[in-house]
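Residue numbers (our numbering): 127 to 272.
Where a beta carbon is used, it is the ideal one built from N, C-alpha and C, also for glycine.
Here the structure is laid out as structure tokens; the discussion comes afterwards.
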């Protein structure tokens, strides 16, 4: 899961970096910077997931929230910078249309993200409830046999 997430973020950053123009047609150009963006974001994402979050959880510590917020802000700024650079050749009236479309896309993805978050919360509560019930059944069984 952590590799899939890291590679997904790396692919997204590489994709955003390789967009060279969107007007009048979308043009892509894979370059050294595309590969560098992919490698840097993939590596940073994996490091944060593996070394910081999973190790903290394995050791029973809370993951560092500041690092998660910092990585999120860094990725958001990088994504916005990529889109702004790709829009540098677009006329002002088209820029407004693209900004509105992007805003709608962000809102739609936010709704999907919120729904995904609620599903994860539900599954975590259900798993904890199931674990508690299983533990209680084992305790009851041990009391009957012991």
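Neighbourhood of residue i by C-beta, 8 Å cutoff - its chain only, sequence neighbours within 5 removed
i: residue 183; result: 189
i: residue 161; result: 140
i: residue 221; result: 213
Assigned exposure category for residue i - 16 Cβ within 10 Å defines buried
i: residue 246; result: exposed
i: residue 135; result: buried
i: residue 169; result: exposed
i: residue 196; result: exposed
i: residue 208; result: buried
i: residue 167; result: buried
Proximal residues to residue i (C-beta, below 7 Å), its chain only, five neighbours per side dropped
i: residue 131; result: 171, 175
i: residue 154; result: 144, 145, 146
CB-CB length for residue i against residue j, believed under 8 Å
i: residue 198; j: residue 142; result: Not confirmed; about 16 Å, so no contact.
i: residue 147; j: residue 164; result: Actually they are not in contact, since the Cβ atoms of residue 147 and residue 164 sit about 20 Å apart, beyond 8 Å.
i: residue 200; j: residue 178; result: So it is not a contact: roughly 14 Å between Cβ atoms.
i: residue 213; j: residue 224; result: 6 Å
i: residue 180; j: residue 128; result: 7 Å
Neighbourhood of residue i by C-beta distance below 6 Å, restricted to the same chain and skipping five residues each side
i: residue 156; result: 144
Under the three-state DSSP convention, the category residue i falls into
i: residue 236; result: helix
i: residue 188; result: coil
i: residue 147; result: strand
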